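**Student:** Pasting in a structure now, in structure tokens, and then I'll have a few things to ask.
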């Protein structure tokens with residue numbers, strides 16, 4: 364009796380996992396591949412939390428990150444970056460044991476695009492860069508990416524992740540002038556269906 368109940372419980376969990384993974388795959392119209400091996404990434408490896416935001420839905424379908432240059436979302440991205448990424452990449456992406464992220468040189472050229480950067484964060488790369496899907500959910504990855512794009516210091520014309528309007532308004536980052544509020548004093552990150560539809 365106990366083993367039959369356990370078996371039903373396991374089957375139910377597997378069914379939920381299958382349906383959840385299928386739903387996530389159905390959302391993604393782009394093909395996401397591992398930066399090193401080129402093998403397809405299994406996005407269902409990411410936590411269930413953070414999969415159903417408007418930002419994630421838009422990104423999986425188009426590769427557009429609606430958090431980029433969204434001032435309400437940058438504090439959360441900065442906070443996540445400082446806790447998860449700065450140990451290797453530096454507080455402002457200047458580089459430490461990991462490569463710099465604040466200029467137009469990319470160790471992996473595909474990281475110039477948001478899809479490529481996402482693939483490297485999600486699936487990892489060479490050296491110390493392991494896959495981050497166990498530490499960050501999909502929405503958090505997009506927030507981190509937005510912060511990485513924000514502290515860019517080189518020519519905005521090389522920033523292919525920016526819309527033309529964002530590129531025209533973009534100011535090269537200067538950490539001495541960083542006025543991004545601390546997370547506890549920041550506004551709520553707002554990325555609605557309307558803003559997702561209107562970007563790029």
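In the working numbering, the protein residues as written are 364 to 563.
Every residue, glycine too, gets a C-beta built ideally from N, C-alpha and C.
Treat the numbers as computed from the prediction; the structure is a model and nothing was measured.
Confirm, please, whether the CB-CB distance from residue 458 to residue 471 is below 9 Å.
**Tutor:** no
**Student:** For the structure I just gave you, are there three or more beta carbon pairs, one from the segment 474-493 and one from the segment 389-406, closer than 8 Å?
**Tutor:** yes
**Student:** Is the beta carbon of residue 447 less than 9 Å from the beta carbon of residue 477?
**Tutor:** no
**Student:** Can you tell me which of the three DSSP states residue 389 falls into?
**Tutor:** Confidence at residue 389 is low in this model, with a pLDDT of 45, below 50, so the placement of that residue is unreliable and no value is reported for it.
**Student:** According to DSSP, simplified to helix, strand and coil, what is residue 519?
**Tutor:** helix
**Student:** On the premise that residue 444 lies in contact with residue 505, defined as a C-beta separation below 8 Å, what is that separation, rounded to the nearest angstrom?
**Tutor:** With 8 Å as the limit, residue 505 and residue 444 do not qualify as a contact, their Cβ atoms being about 12 Å apart.
**Student:** Residues in its own chain within less than 6 Å of residue 544 by CB, not counting five upstream and five downstream?
**Tutor:** 438
**Student:** Give the single residue among 485, 440, 442 and 464 whose Cα lies nearest to the Cα of residue 451.
**Tutor:** 464
**Student:** Which two residues bound the contiguous alpha helix (DSSP H) that contains residue 506?
**Tutor:** 501-513
**Student:** Taking 6 Å as the limit between beta carbons, can you name the residues of its chain near residue 405, skipping five residues before and five after?
**Tutor:** none
**Student:** Whose C-beta lies closer than 6 Å to the C-beta of residue 392 among residues of the same chain, with five residues either side of it excluded?
**Tutor:** 424
**Student:** I'd like to know whether the C-beta atoms of residue 554 and residue 430 end up nearer to each other than 9 Å.
**Tutor:** yes
**Student:** To which residues of the same chain is residue 456 closer than 7 Å at the C-beta, ignoring the five residues directly before and after it?
**Tutor:** 463, 464, 465, 511 and 514
**Student:** With DSSP run on the structure shown, which of helix, strand or coil describes residue 403?
**Tutor:** Three-state result, residue 403: strand.
**Student:** By the three-class DSSP mapping on this structure, what secondary structure does residue 396 have?
**Tutor:** strand
**Student:** In the DSSP assignment, find the alpha helix (DSSP H) that holds residue 438 and state where it starts and stops.
**Tutor:** Counting along the chain, the unbroken alpha helix (DSSP H) around residue 438 starts and ends at 437-447.
**Student:** Could you tell me if residue 442 is buried or exposed, where buried requires 16 or more neighbouring beta carbons within 10 angstroms of its beta carbon?
**Tutor:** Per the 10 Å Cβ criterion, buried.
**Student:** List the endpoints of the continuous alpha helix (DSSP H) containing residue 529.
**Tutor:** 527-532
**Student:** Are the CB atoms of residue 415 and residue 494 nearer to each other than 9 Å?
**Tutor:** Not a contact, by the Cβ cut-off of 9 Å.
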